[in-house]
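Student: My questions all concern the structure below.
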Amino acid sequence: MSKNDIPHNELKADGRTIRLRYMAPGDAEGVLAFAKSLPAHDLLFLNRDIRNPKVIDAWLEQIGQGLIRSLVSVEGDTVVGCNAMVRDELSWSPHVADIRILVSEDCRGLGLGRLLALHTLHRARVDGVRKLTVRMTPDQGGALKLFEEMGFRPEAL
């Protein structure tokens with residue numbers, strides 16, 4: 022498998038098929054619509070408000086520069102989830118990256134968040150990341166449980 026391949030890129034659950042692929046410039050509208058469909062509370066852990074088209078444009082630009090690794094999850098033509106692995110290779114801690122995962126409300130409980138997390142962990146290994154951090158709001162119990170099952174430990178609540 023090359024470092025650009027995506028292992029296991031499809032989820033079939035409850036009669037639905039969701040595909041994962043690398044986020045690309047043509048995804049701007051879909052990602053923006055997805056972000057706007059999420060409750061504002063679900064976005065509070067992010068550094069930027071991804072409901073702003075300028076933020077999406079900056080995100081896509083950083084993907085193009087190799088600063089962020091992101092996948093989108095699509096059902097048909099609709100974005101239903103995404104991830105990002107963000108790291109600053111010029112910082113004092115280039116071996117540390119931050120994980121961000123978002124899943125639409127109607128896709129929660131299908132295993133999509135877990136699949137996105139597994140892809141992020143795979144990418145981190147390929148990229149030589151040795152420490153990952155994840156941020157979420159304290160009431161996101163499903164996400165907290167998922168990451169604890171994957172070996173993450175809460176550091177602050």
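Just so it is clear: in the sequence shown, position 118 is 139 by the working numbering, and no numbers are missing. We put the CB at the ideal spot given by N, CA and C, even for glycine.
(1) Compare the C-alpha of D35 against each of R156, A145, L133 and L142 and name the closest.
(2) Three Cβ pairs or more, each shorter than 8 Å: is that satisfied between the segment 74 to 86 and the segment 44 to 64?
(3) Mind reading off the beta-carbon distance from S94 to L137? Whole number of angstroms is fine, and I expect it under 8 Å.
(4) Am I right that L92 and N104 are in contact with their C-beta atoms under 8 Å? What's the rounded C-beta distance?
(5) Using a threshold of 6 Å, is the CB atom of G36 nearer than that to any non-hydrogen atom of the ligand HEM?
(6) State the CB to CB distance for the pair L153 and A145, rounded to an integer number of angstroms; the pair is presumed to be in contact (CB under 8 Å).
(7) Determine the closest residue to R156 out of V76, D119 and M44, with distance taken between C-alpha atoms.
(8) Around the C-beta of A45, are 16 or more other C-beta atoms found within 10 angstroms, so that it is buried, or is it exposed?
Tutor: Let's see:
(1) Here residue 35 refers to the residue found at position 14 when the sequence shown is read from its first residue. Of R156, A145, L133 and L142, the residue nearest in Cα terms is L133.
(2) yes
(3) Translated into the one-based positions of the sequence shown, residue 94 becomes position 73. Translated into the one-based positions of the sequence shown, residue 137 becomes position 116. Their Cβ separation, rounded to whole angstroms, is 7 Å, which keeps S94 and L137 in contact under 8 Å.
(4) In the sequence shown, the residue the question calls residue 92 occupies position 71. In the sequence shown, the residue the question calls residue 104 occupies position 83. Confirmed, Cβ separation roughly 5 Å.
(5) The ligand HEM is absent from the structure shown, which contains no ligands of any kind.
(6) Looking up residue 153 in the sequence shown gives position 132. Looking up residue 145 in the sequence shown gives position 124. Their Cβ separation, rounded to whole angstroms, is 6 Å, which keeps L153 and A145 in contact under 8 Å.
(7) Within the sequence shown, residue 156 is the residue found at index 135, counting from 1. Checked all of V76, D119 and M44; the closest Cα to R156 is D119.
(8) What you label residue 45 is simply residue 24 of the sequence shown in a count that begins at 1. Result: exposed.
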